[in-house]
Amino acid sequence: MYVPSASELKHYLIDRNISIRQYSEWSGVDRYHIEKLIKQFEIPVPKWVPMPDRSDFLEQFDRLGKGIDVAAHYGVSPATVTKWCRVMEVNVGDYKRPSEDKRPTDEQLYVWYELEKKSLDKIAKMLKVDREVLRTWMDDAEIERRPTNYRTLDINELELADDLAQGELKYTEIARKHGISDSTLLRFREKYDFPIKRKPE
């Protein structure tokens, strides 16, 4: 009879988080002998927990929001939760909720977006949250988002071209002056191929 080594058992039962039953079926080794070897080699195999019902699993994810918290709820490892997600086709990314302490005040959002003319991408990156989360916060704060297409904005193209050509102002200063984001300014420059004289540092 094939006798697996201690390292092999650790690899499959702990590292890959395969149940004793699954390993027995795959290797052809009787469960009794596997359990005997586990005791002999003193392998700390976690207690196997059956996969929960999908609806209950989704409910816990919706309630807790993080895979590590769901794992603690069921008393399993995060790797087990990841495996369950794969089997039940659950997109973990849908349940990643940012902690509330990351949420800035409505006033701070207004300053960044309306006064400093920062883009949504830049604010989201700064706060380390998903863009969609930031959109929700903006809506809650009743801050109207700027059109993403600069052609819909009220821009004086001659003044903008003049500022770009003179190069006396930095990108951010030009963007702020004309009420557009830095990325919109760059797209505008690329489209019309405006020359830029960088301001000396």
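Each residue of the sequence shown is one higher than the one before, counting from 6 in the working numbering. Where a beta carbon is used, it is the ideal one built from N, C-alpha and C, also for glycine. In this text the structure is predicted, and so the values were computed from the model without any measurement.
- Classified as exposed, Val92 has fewer than 16 neighbouring CB atoms from the shown chains inside 10 Å of its CB.
- Residue environment for Phe46: exposed (fewer than 16 other C-beta atoms within 10 angstroms of its C-beta).
- When the Cα atoms are used, Glu178 and Gly172 turn out to be separated by approximately 11 Å.
- In its chain, beyond the 5 residues on either side, Ile23, Tyr28 have a beta carbon closer than 6 Å to the beta carbon of Tyr17.
- In the structure shown, the three-state DSSP call for Arg59 is helix.
- In the three-state scheme derived from DSSP, where H, G and I count as helix and E and B as strand, Leu163 is classed as helix.
- Of the other Cβ atoms in all chains shown, 16 or more fall within 10 Å of the Cβ of Trp117; this residue is therefore buried.
- When only Cα atoms are considered, Trp89 and Val50 end up about 18 Å apart.
- Taking all protein chains shown into account, Val8 has fewer than 16 neighbouring C-beta atoms within 10 Å of its C-beta and is therefore exposed.
- A straight-line Cα-Cα distance of about 19 Å links Tyr37 and Val54.
- If you draw a 10 Å sphere on the C-beta of Trp142, you find 16 or more other C-beta atoms in it, and that means buried.
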